[in-house]
Amino acid sequence: MSGFGRSAEALSVGVSAVALMSGLALSPASAQTTYLDPITVVASRTEEVVSQALAGVSAVRGEQLNQLMPTRAEDAFFGVPSVNFQERADDPGMAINIRGLQDFGRVAVVIDGARQNFQRTGHQADGLVYSEPELLAGIDVVRGPVANIYGSGAIGGVVSMRTLDTNDILKPGERFGGQLHGLVGSNMVQGLGSAFFAARPTDNFDFMVGTTARHRSDYKDGNGDLVPNSHFRVITEIGKVNVRPADGHEVKFGFINYQADYDNGLPNETHTATVYKTDVNNQIATGRWRYNRPDDRLFDFDINTYWTKTKTTQVKTEGTNSSITGALGSQRSFQIDTVGIDAHNTSRFDLGDFRFAWTNGADAFRDEVEVVDPSGTARLFTPNGERTVSGAFTQIRMNYSTWFELLGALRYDNYRLDGANGDGSSGDRISPKITVGITPVPWFTVYGIYAEGYRAPAITEVFVAGTHPEPAPFDLLSNPALRPEIGKNKEIGINIRQDNLFVANDALRIKANVFQNDVTDFVEFVPIVNPGVPGGVPAQGGQFCTNLGFGFVGICEQYQNIPSARIRGAEFEASYDAGDWFLAMAGSVQEGENLTKNQPLVKIYPPQLATTVGVRVWERKVTLAVRWLAVAEKKADDIPPPPPVPGFQGSALPTDGYNVVSVYADYRPSDDVILAFAVENLFNQYYVRYLDLRTLSTAFGSNNLVPSPSPGITFKGSLKVRFGDTFFKNG
9 MSGFGRSAEA LSVGVSAVAL MSGLALSPAS AQTTYLDPIT VVASRTEEVV
59 SQALAGVSAV RGEQLNQLMP TRAEDAFFGV PSVNFQERAD DPGMAINIRG
109 LQDFGRVAVV IDGARQNFQR TGHQADGLVY SEPELLAGID VVRGPVANIY
159 GSGAIGGVVS MRTLDTNDIL KPGERFGGQL HGLVGSNMVQ GLGSAFFAAR
209 PTDNFDFMVG TTARHRSDYK DGNGDLVPNS HFRVITEIGK VNVRPADGHE
259 VKFGFINYQA DYDNGLPNET HTATVYKTDV NNQIATGRWR YNRPDDRLFD
309 FDINTYWTKT KTTQVKTEGT NSSITGALGS QRSFQIDTVG IDAHNTSRFD
359 LGDFRFAWTN GADAFRDEVE VVDPSGTARL FTPNGERTVS GAFTQIRMNY
409 STWFELLGAL RYDNYRLDGA NGDGSSGDRI SPKITVGITP VPWFTVYGIY
459 AEGYRAPAIT EVFVAGTHPE PAPFDLLSNP ALRPEIGKNK EIGINIRQDN
509 LFVANDALRI KANVFQNDVT DFVEFVPIVN PGVPGGVPAQ GGQFCTNLGF
559 GFVGICEQYQ NIPSARIRGA EFEASYDAGD WFLAMAGSVQ EGENLTKNQP
609 LVKIYPPQLA TTVGVRVWER KVTLAVRWLA VAEKKADDIP PPPPVPGFQG
659 SALPTDGYNV VSVYADYRPS DDVILAFAVE NLFNQYYVRY LDLRTLSTAF
709 GSNNLVPSPS PGITFKGSLK VRFGDTFFKN G
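Take any residue in the sequence shown, note its place counting from 1, add 8, and you have its number in the numbering used here.
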């Protein structure tokens, strides 16, 4: 069956099943709303309440995911400060930017603990993650290298996504059940169907399986113009098995299969622009062994192994014959296989009034990149090769009474790169971290952080080599001398946590901080121009630019180390929930500078503020909410200048500021049924997010970077039903 046929069938089954099951779970909805602080383990490898964590930590959980009704995974991050996304309308993948850092592993992204390291060179971000938001149960975000013990490379931060498991489907005491969800939307056509089923035959064994199908057609922007090739179809399957063989032990196995198909490329009227029919398959397999018993203070361990395979297969369907991209009908593929393991253990002990938690761990992963392009040169721009990265850490957390906390850690990192041509590079380093927190009163904490992070160069950064297609045939030079990046982050923050402040059971949470991340040997893609042209820099790694150009002065480009770069900013998130109404706000502002050239860094996003306000009425069975996103303009002066060559544009365009307002409403006749409706971009605002660009093939010398606008006004409606065996037992 074709992908479209499977998508349509799954969608129809999902929607029909939801409609059928909606009458099965109409027990009264709870009138009480109790604020539950989310728990995270990402920042320090030990459990801690997000609002009390001594770092820039944010969490997204099920209730927020329900209200956001995400079409793409990045939609689920609304209101998370300093987190942005670079995307193209013609690709469902997302590139995550934290505090102005992205690409090539600067942000470590894991799904159920499995690294997502896929990268394909082109006119897009250098690092894409493919994830279906319908599978998500929660998201944790840690900003900055404070989470360096979580894994190598994360000088920007960590994003950890957890997918649905048995406990997300079944209530305590239930032996079997399921969750069905159907969604339809406007702005042309979009739809979603999902079904998840779980069983718990015994207290020591459970499993769940599920599938989703999502379809979106080409959408219209706020001006009413159709955005070509913005359609996609995504089908996923998921399975989990959990076994508890002994007291305190849990062994978990999981598998996710993600399949997307879409058309990549911006067509033109003459059909000379290259367009690829594209299929992406992302497979994730995990095995995890956890041990925890409250009476065992010596051992509390977590061992996780994983395998991720991401493969993009493309067939050229439009464009002219070319030695670079091949002829019509040519096929190429990009694949990365990542295998990895991470393990850590925490021991706890007391010395007088001091409480200690000592965590030790190690991790390693190996990337293997294979590019096949018999008719073109894709393997030159995304070179084949292998990367092995490993590390170990030790961390001690000390608490005194209720007012003082000290956390210190050391991490050792090691890497090795091996190119297909036999070239290679390697390196290692020890990175420290120290955090001090003081809580003078129970509801207020102030903390300070110094943390370093270490990012090894990626395979592409070191080994890329080839000639860019006409009409701009510049050379890309490899750089075997490329050095790792080192981030040195300083941060001061506050946490405010107050309950029963104005009315009974209300909750106020505030996290705010300022930071400065100084990055040495920052890696950028820089122009290498021939002698006599001002503004260029010499090649590194024993390379030379011999390109003679094509109608203009010759030019090459190369990944090089910038001796010194600085990113600093401020961010906050605040929420207040009084039960009958709630308010949440989050904002961030950043600036980044290449201190060597006194130029701005290209990946710094403009300031923004996200606000959500809502009420719960009719015995809190109905929720009404409004979301407002305000983003400032990105001026030309805030973007680094293009290469000093006629006809070259650079990699970014200025963008106007914008305001996007969305509304949401849901009705919950019981705890297990949600009937929801949303209007996104209520005022049909035309807007383009910074760095959301596509390329347009036109005559030589013309502007080939064009904006990739976001959707205009969109209506969505959905029905989600959860059911369990308690319904059948109770009749």
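Even glycine gets a Cβ: it sits at the ideal position worked out from N, Cα and C.
Length of the line joining the Cα atoms of Thr402 and Ile721: 50 Å
Any chance the segment 417 to 431 sits against the segment 388 to 398, with 3 or more Cβ pairs inside 8 Å? yes
How long is the line joining the alpha carbons of Asn312 and Asn125, rounded to whole angstroms? 17 Å
Could you check where the beta strand (DSSP E) with Ile205 kicks off and where it finishes? Sequence check: residue 205 is Phe here, not Ile. Per DSSP, Phe205 belongs to the beta strand (DSSP E) from Gln198 to Thr210.
Here's the rule I'm using: 16 or more other beta-carbon atoms within 10 Å means buried, otherwise exposed. How should His189 be labelled? buried
Cβ-Cβ separation, Pro492 to Glu740 (assumed contact under 8 Å), whole Å: Because the chain spans 9 through 739 in this model, residue 740 falls outside it and cannot be assessed.
Measure from the alpha carbon of Ala417 to the alpha carbon of each residue in Tyr695, Ile682 and Asn156, then state which is nearest. Asn156
Looking at the unbroken alpha helix (DSSP H) that takes in Ile467, where does it start and where does it end? Ile467 to Phe471
Short Cβ contact (7 Å threshold) for Ser90 with Glu599: no
Expected contact under 8 Å - CB spacing of Gly186 and Phe205 to nearest Å: 4 Å
Return the residue from the list Leu336, Asn329, Ile47 and Ala97 that minimises the CA-CA distance to Tyr227. Ala97
Compare the C-alpha of Tyr567 against each of Thr367, Leu713 and Val545 and name the closest. Val545
For Ala67, the residue or residues it bridges with in DSSP: Asp148
Could you tell me if Val379 is buried or exposed, where buried requires 16 or more neighbouring beta carbons within 10 angstroms of its beta carbon? buried
Closest by CA to Gln60, which one among Leu609, Tyr455 and Glu565? Tyr455
Cα-Cα, which of Gly159, Phe184, Val288 and Ala365 is closest to Gln127? Val288
Helix, strand or coil at Phe126 according to DSSP, with G and I counted as helix: coil
On the three-pair Cβ rule with 8 Å, is the segment 323 to 335 touching the segment 379 to 390? yes
Range of the contiguous beta strand (DSSP E) that encloses Arg740: Nothing about residue 740 can be reported from this structure: the residues present for the chain run from 9 to 739 only.
Length of the line joining the Cα atoms of Val166 and Glu277: 42 Å
Output the distance between the C-alpha atoms of Thr706 and Ala203, rounded to the nearest integer angstrom. Because Thr706 carries a pLDDT of 46, less than 50, the predicted location of this residue cannot be relied on, and no value is offered for it.
Does the distance from the C-beta atom of Val259 to that of Trp315 stay below 7 Å? no
Using beta-carbon positions only, say whether Arg107 and Gly161 come within less than 7 Å of one another. no
Within 8 Å, do at least three Cβ pairs link the segment 226 to 242 to the segment 684 to 703? yes
Secondary structure of Pro719, DSSP reduced to three states: coil
Provide the residue(s) that pair with Glu258 in DSSP beta bridges, ordered along the chain. Arg298
Can you find the residues in the same chain that come closer than 7 Å, C-beta to C-beta, to Asn152, ignoring five residues on each side of it along the sequence? Reading the sequence as shown, one finds Gly at residue 152 and not Asn. Counting only Cβ-Cβ distances below 7 Å, and skipping sequence neighbours, we find Gly64, Arg107, Gly165, Ala459, Asn497, Glu499, Phe523 and Asn525.
With a cut-off of 8 Å on the beta carbons, I'd call Pro236 and Pro275 a contact; round off their distance for me. 6 Å
Given this structure, state the Cα-to-Cα distance separating Glu56 from Gly247, to the nearest angstrom. 28 Å
So what does DSSP say about Val6, is it helix, strand or coil? Past the boundaries of the shown model lies residue 6; the chain is included only from 9 to 739, so the question cannot be answered.
Suppose the cutoff is 6 Å on Cβ atoms and the five residues either side in sequence are ignored; what does the same chain contact list for Ala39 look like? Because Ala39 carries a pLDDT of 47, less than 50, the predicted location of this residue cannot be relied on, and the following value inherits that uncertainty. Correct list, in chain order: Glu627 and Arg628.
Euclidean distance between Cα positions of Phe731 and Asp680: 7 Å
Taking the alpha-carbon of Ile344 as reference, which of Pro391, Arg624, Lys724 and Arg437 has the nearest alpha-carbon? Pro391
Shortest alpha-carbon distance to Thr54 belongs to which of Asp310, Ala207 and Glu326? Asp310
Cross-strand partners of Pro608 (DSSP beta bridge): Glu601
For Asp733, three-class secondary structure by DSSP: helix
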